[in-house]
Structure formats: structure tokens, C-alpha cells
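These notes are about the structure you will find just below.
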Amino acid sequence: MSTRTASERNPQAWMTPIGPKPFRQHPRAQRFTPLINRVAREEGVNPALIHAVVSVESNYNPRARSHAGAEGLMQLMPKTAERFGLAASERLDPEKNLRAGIRYLKFLQRYFEGDLILMLAAYNAGEGAVEQYGRVIPPYPETQAYVKKVQRQLARFSATGAS
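The opening position of the sequence shown corresponds to residue 11 in this note's numbering, with each subsequent residue numbered one higher.
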């Protein structure tokens with residue numbers, strides 16, 4: 011059984027838009043901020059969450075490719091991209107990649123009943139891995155570090171107003 015509090019297991023803040031505050035960003039991040047904010051709002055998610063995921067996944071590089079084959083701003087694996095409506099030829103299109111990644115996050119939000127930590131773990135390792143280990147963060151160092159990094163970035167973006 012998890013020792014996390016109810017608010018830690020089911021934080022609704024990730025769905026709440028953040029207020030406008032000054033925010034300093036890397037020039038590449040500045041280039042994509044209007045797009046991320048617009049798409050996140052259109053899809054009904056907190057822009058700070060999307061900024062946090064993008065900053066950790068690709069550091070705002072729309073052409074990023076991982077050693078495992080993930081691509082684009084949201085670093086979607088080919089099968090996940092296809093599953094959420096992104097054709098191979100569209101994976102490096104920033105807006106289409108964002109929309110598919112957000113659809114995946116929204117799926118994970120429903121699947122894990124709003125548990126942000128499990129959502130993030132599944133975004134990194136896959137929902138099957140999270141299920142395999144009993145709905146906890148899998149014991150993979152990369153996934154454990156990933157969840158912490160995204161949580162830190164989410165707190166930073168939320169506090170500074172990334173929108």
C-alpha cells in the first residue's frame with residue numbers, strides 16, 4: 011500500500027491553468043512557449059505540466075531523437091505515437107507531437123485515476139511496467155529519476171507561471 015497522501019496520489023493541479031507571471035526561459039523554450047500554452051489550453055491541461063514534460067524529455071528540441079527511438083518535443087515512441095494518432099511522417103511536427111503526447115498524458119490520467127506520479131512513471135516506462143510492479147514507480151533508475159525531474163520542473167513552472 012502506498013504511503014503517499016491523497017493529495018499526492020491525486021493532485022488535480024495538473025489540470026488547472028497557471029496564471030501569468032514573468033518567466034525567463036532558454037531561447038529554444040521561448041520559441042515553443044506560445045504553441046505549448048495554446049495547445050495545452052485547447053486540450054484542457056495545465057501548460058506547466060506540458061512544459062515540465064517537454065523540458066525533461068527533449069529540452070524543447072522538436073527534432074530530438076532518443077537512443078530508444080522516441081522522437082519530437084514529447085519524445086513519443088513510434089508505437090505510442092501511432093496509438094495516439096501520430097503518423098510516422100508527423101512525429102517531428104511540434105504541434106502534432108504535442109497533441110499526441112497530451113492525448114497520451116490524458117489517457118494515463120484516466121487510467122491511473124489522476125495519480126500524477128504513476129502518470130509520469132507510465133509516460134516514461136509504459137503503463138504495463140507500472141502495472142507489473144503493482145501500480146508503483148518501477149524500480150528502474152531512469153524512471154525514478156525521470157519522475158523526480160518532471161515533478162521538480164512542474165513545481166518550477168507552476169511557481170513562475172510558464173504560460
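Beta carbons are placed, not taken as given, at the ideal position from N, Cα and C, and that holds for glycine.
Since we're looking at a predicted model, the values are computed, not measured.
Pull the bridge partners of Glu53 from the DSSP assignment, please.
As a first step, residue 53 must be located in the sequence shown, where it is residue number 43. In the DSSP output, where bridge partners are listed per residue, Glu53 has none listed.
Reducing DSSP to helix, strand and coil, say where Leu96 ends up.
For the purposes of this step, residue 96 is taken as residue 86 along the sequence shown, with counting starting at 1. Of the three classes helix, strand and coil, the one that applies to Leu96 here is coil, per DSSP.
In angstroms with no decimal places, state the Cα-to-Cα distance between Gly95 and Ala139.
Counted from its first residue, the sequence shown places residue 95 at position 85. Counted from its first residue, the sequence shown places residue 139 at position 129. When rounded, the distance between both Cα atoms is 22 Å.
Contact between the segment 112-125 and the segment 47-65 is defined here as three or more beta-carbon pairs at a separation below 8 Å; is this criterion met?
yes
According to DSSP, is Leu130 helix, strand or coil?
As a working note, residue 130 is residue 120 in the sequence shown. Here Leu130 sits in helix by DSSP.
Buried versus exposed call for Glu81 [16 or more other C-beta atoms within 10 Å across all chains shown]:
Residue numbering aside, residue 81 sits at position 71 when the sequence shown is read from its first letter. Glu81 should be labelled buried.
Between Arg166 and Ala98, what straight-line distance do the alpha-carbon atoms span, to the nearest angstrom?
One-based indexing of the sequence shown puts residue 166 at position 156. One-based indexing of the sequence shown puts residue 98 at position 88. Cα to Cα, the separation comes out at about 33 Å.
Which word fits Arg73, buried or exposed, when buried means at least 16 other C-beta atoms lie within 10 angstroms of its C-beta?
On the sequence shown, residue 73 is found 63 positions in, with the first residue counted as 1. The residue in question, Arg73, is exposed, as its Cβ has fewer than 16 Cβ neighbours within 10 Å.
Sub-7 Å separation of Gln85 and Glu67 beta-carbons
By one-based count along the sequence shown, residue 85 stands at place 75. By one-based count along the sequence shown, residue 67 stands at place 57. Taking 7 Å as the Cβ cut-off, Gln85 and Glu67 qualify as a contacting pair.
So Ser65 and Gln163 are supposed to be a Cβ contact under 8 Å. How far apart are they, rounded?
On the sequence shown, residue 65 is found 55 positions in, with the first residue counted as 1. On the sequence shown, residue 163 is found 153 positions in, with the first residue counted as 1. Contact holds; Cβ gap of about 5 Å.
What does the Cβ neighbour count give for Gly188, buried or exposed, with the cut at 16 atoms within 10 Å?
Only positions 11 to 173 of the chain appear in the structure, and residue 188 is not among them; the question remains open.
Per DSSP, which residues does Leu86 bridge with? Please list them.
In the sequence shown, the residue the question calls residue 86 occupies position 76. Answer is Glu81.
In its own chain, which residues sit with a C-beta less than 7 Å from the C-beta of Met129, not counting the 5 before and 5 after it?
Against the sequence shown, residue 129 aligns to sequence position 119. Taken in chain order, the residues that qualify are Leu115, Leu118, Gln119, Phe122.
Taking only the alpha-carbon atoms, compute the straight-line gap between Ala155 and Ala169 and give it to the nearest angstrom.
To locate residue 155, count along the sequence shown from 1; it is residue 145. To locate residue 169, count along the sequence shown from 1; it is residue 159. Cα-Cα distance, rounded: 21 Å.
Would Lys106 be called buried (16 or more neighbouring beta carbons within 10 Å of its own) or exposed?
As a working mapping, residue 106 is identified with position 96 in the sequence shown. The residue in question, Lys106, is buried, as its Cβ has 16 or more Cβ neighbours within 10 Å.
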